[in-house]
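481 is the number of the first residue of the sequence shown in our numbering; add one for each residue after it.
Ideal Cβ positions, reconstructed from N, Cα and C, are used throughout, including at glycine.
All values reported here derive from a predicted model rather than from experimental measurement.
Notes for the one structure printed next.
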Amino acid sequence: MKINRSIQVYIELIVFSFVFLLAATIFKDEYLFGWAIHNWTFFLILCLVPLFLVLINKRLISTFMSIGIEGGLFIGNYLGDYLRAINIAKITPEISNQEIAKLHLDPGFFIWIAIIIGFAIVSVIAELLTRKKV
Numbered sequence: 481m482k483i484n485r486s487i488q489v490y491i492e493l494i495v496f497s498f499v500f501l502l503a504a505t506i507f508k509d510e511y512l513f514g515w516a517i518h519n520w521t522f523f524l525i526l527c528l529v530p531l532f533l534v535l536i537n538k539r540l541i542s543t544f545m546s547i548g549i550e551g552g553l554f555i556g557n558y559l560g561d562y563l564r565a566i567n568i569a570k571i572t573p574e575i576s577n578q579e580i581a582k583l584h585l586d587p588g589f590f591i592w593i594a595i596i597i598g599f600a601i602v603s604v605i606a607e608l609l610t611r612k613k614v
């Protein structure tokens, strides 16, 4: 059992490191990836949560959270850019400066966090359902 746990920890570490490396090099000019690199301590703490969950034998929750963190980073970045572009297209000369500033906001970070929370909730429900069957 410990071998499987350590393998999962290594796999998650490799995936987190790879995504961080991609964010620091290829995607550094993208909004959410640049934010994650600039706020690397937040990203590090966020990535340590699933690793801790593996150590306390919550492997399913850890896997779902890892998928949410990494997948949510990509989805949040590109969906946030898309929604921001749609909002910017709504700007007209009659709109106030406050509304213009509001329409320029990128919702990518909030999408990312919502995906992480959503995956965490789904994983807890899945864990409870599988525990009842056993």
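- Task: Would you mind sorting Val499 into buried or exposed? The rule is 16 or more other CB atoms within 10 Å of its CB.
- Result: Residue 499 sits at position 19 when you count from the first residue of the sequence shown. Sixteen is the threshold: when 16 or more other Cβ atoms of the shown chains lie within 10 Å of the Cβ of Val499, as they do, the residue is buried.
- Report the option in Asn567, Ile568, Tyr558 and Ser576 whose CA atom is closest to the CA atom of Ile591. Taking the first residue of the sequence shown as position 1, residue 591 is located at position 111. When only C-alpha atoms are compared, the closest one is Tyr558.
- Helix, strand or coil at Ile525 [DSSP, three-state]: By one-based count along the sequence shown, residue 525 stands at place 45. Residue state, collapsed to three classes: helix.
- Query: Ordered along the chain, which non-local residues of its own chain (more than five positions away) have a Cβ less than 7 Å from that of Phe555?
  - Reply: As a first step, residue 555 is located in the sequence shown; it is residue number 75 there, counting from the start. The identity of residue 555 in the sequence shown is Ile, whereas the question assumes Phe. Hits under 7 Å: Ile591 and Ile595.
- Query: Going by beta carbon distance, what residues of the same chain come within less than 6 Å of Met481, once the five residues before and after it are set aside?
  - Reply: Numbered from its first residue, the sequence shown carries residue 481 at position 1. With a pLDDT of 46 at Met481, under the threshold of 50, the predicted position of this residue should be treated as unreliable, and no value is reported.
- Query: Taking the alpha carbon of Leu533 as the point to measure from, which residue in Leu512, Met545 and Gly552 has its own alpha carbon closest?
  - Reply: Residue mapping note: residue 533 aligns to position 53 of the sequence shown, counting from 1. The shortest C-alpha separation from Leu533 is found at Met545.
- Select from Ile549, Asp586 and Glu574 the residue whose C-alpha is nearest the C-alpha of Asn567. Residue numbering aside, residue 567 sits at position 87 when the sequence shown is read from its first letter. If we check each option's Cα against that of Asn567, Asp586 comes out closest.
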